[in-house]
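Working notes, beginning with the structure itself.
In the working numbering, the protein residues as written are 78 to 183.
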């Protein structure tokens, strides 16, 4: 969210928020997606059957959309548009909500 604050405060330079997003936020999402998939497959190998749960399907759909939007956000921030960055923040909060309240999706 600090990238949004920087992009609001930039009047003449709009590249700093895009650079910060592509170096910090995008790499965080990439590593988080890889770690999450790795953990899901480790649970699968241990016999826990994580893919049989409905909440994981909902979360994976959100993560795919989140990942795609996160990769396109630096171009939008460089153009001075903050809509995709705000949508990524909202989808991140929604994916977190789905994970911690997984009992709602049974």
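Every residue gets a Cβ at the ideal spot worked out from N, C-alpha and C, and that includes glycine.
- Here DSSP, grouped into helix, strand and coil, assigns residue 123 to coil.
- With a cutoff of 7 Å on beta-carbon distance, residue 143 and residue 95 are scored as not near each other.
- Annotation note: the region 112 to 182 contains the following uninterrupted alpha helix (DSSP H) runs of length 4 or greater, listed N- to C-terminal: 131 to 155, 160 to 177.
- Classified as exposed, residue 149 has fewer than 16 neighbouring CB atoms from the shown chains inside 10 Å of its CB.
- Burial state of residue 141 is exposed, judged by a 10 Å Cβ sphere holding fewer than 16 other Cβ atoms.
- Our two residues, residue 124 and residue 118, have alpha carbons roughly 10 Å apart in a direct line.
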